[in-house]
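Before any comments, here is the structure.
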Amino acid sequence: MDGEYVPSAWDWVREQVETYERSGGRQGTTLLDTGLPVVVVTMRGAKTGKIRKAPVMRVEHGGEYAVVASKGGDPAHPAWYANLLAHPDEVWLQDGPDRFAVHVRELDGDERRLWWERAVAAYPPYAEYQAATARRIPVLLATRSSSRT
Ligand code: F42
1471 MDGEYVPSAW DWVREQVETY ERSGGRQGTT LLDTGLPVVV VTMRGAKTGK IRKAPVMRVE
1531 HGGEYAVVAS KGGDPAHPAW YANLLAHPDE VWLQDGPDRF AVHVRELDGD ERRLWWERAV
1591 AAYPPYAEYQ AATARRIPVL LATRSSSRT
């Protein structure tokens, strides 16, 4: 993907992405001390057009991944949510050593319910985050793009 990469303003997130990518997806692949796995989503900024990266919890089923815009139950959506809506076909996902292009779309209705259950099963604190905020936490689905590698 062309463009300048701007790392996260949060030190711990920037460091996780650096470790994850530098090791080829073999180190830094879990969230802090939870031991639960993380994937890294690379996208284009909605306003700047610059490259942004966000680790999120790994919620995989049948080769597809839920991307949960929880931001720890913050009242506001993470900035990257707007990026994915603006450029849903300029997205890459790294799951451990595997990195591939994906298409992303936001889920609603039964699909969202199903993937929300999977998300909470993979990472139970998502339920606490939803209880802590008035916004409905967006759930997006990342599906491999067959036309790109
Ligand atoms: N966040 C989640 O929401 N869900 C998760 O499951 C999750 C897991 C996770 C695991 C490990 C880890 O290290 C971090 C994890 N995070 C998770 C945190 C996640 O990676 C993000 O850091 C967090 O959600 C905050 O995202 P954010 O995009 O709001 O980042 C803030 C701190 C930030 O730097 N914002 C930028 C800024 O300058 O304020 C904006 C960057 C941006 O994308 N700008 C866009 C652009 O055009 O370049 C414009 C955006 C717009 O509003 O249009």
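Take 1471 as the starting number for the sequence shown in this note's numbering and just add one per residue. Note that CB positions come from ideal geometry on N, CA and C, so glycine has one too.
The region 1539-1574 contains, as complete beta strand (DSSP E) runs of 3+ residues, the segments 1561-1565 (chain order). Contact holds between the region 1501-1519 and the region 1545-1563, because three or more Cβ pairs, one in each stretch, are under 8 Å apart. Cβ neighbours of Ile-1521 within its own chain (closer than 8 Å, five residues either side excluded): Met-1471, Gly-1473, Glu-1474, Tyr-1475, Val-1476, Thr-1512, Met-1513, Arg-1514, Gly-1515. Sequence-distant partners of Thr-1613 (beyond 5 residues in either direction) whose C-beta falls short of 7 Å from its own C-beta, in its chain, are Glu-1534, Val-1572, His-1573. Taking a C-beta distance under 8 Å as the contact criterion, Val-1529 and Ala-1602 do not qualify as a contact pair. Here Val-1487 really is in contact with Pro-1525; their C-beta atoms are around 6 Å apart, less than 8 Å. In this chain, the beta strand (DSSP E) harbouring Leu-1611 covers 1609-1614. Counting of Cβ neighbours within 10 angstroms places Trp-1482 among the exposed residues, the total staying below 16. Bounds of the beta strand (DSSP E) holding Arg-1522 are 1521-1527. The continuous beta strand (DSSP E) containing Val-1509 extends over residues 1508-1514. Look at Thr-1500 here: in three-state DSSP terms it is strand.
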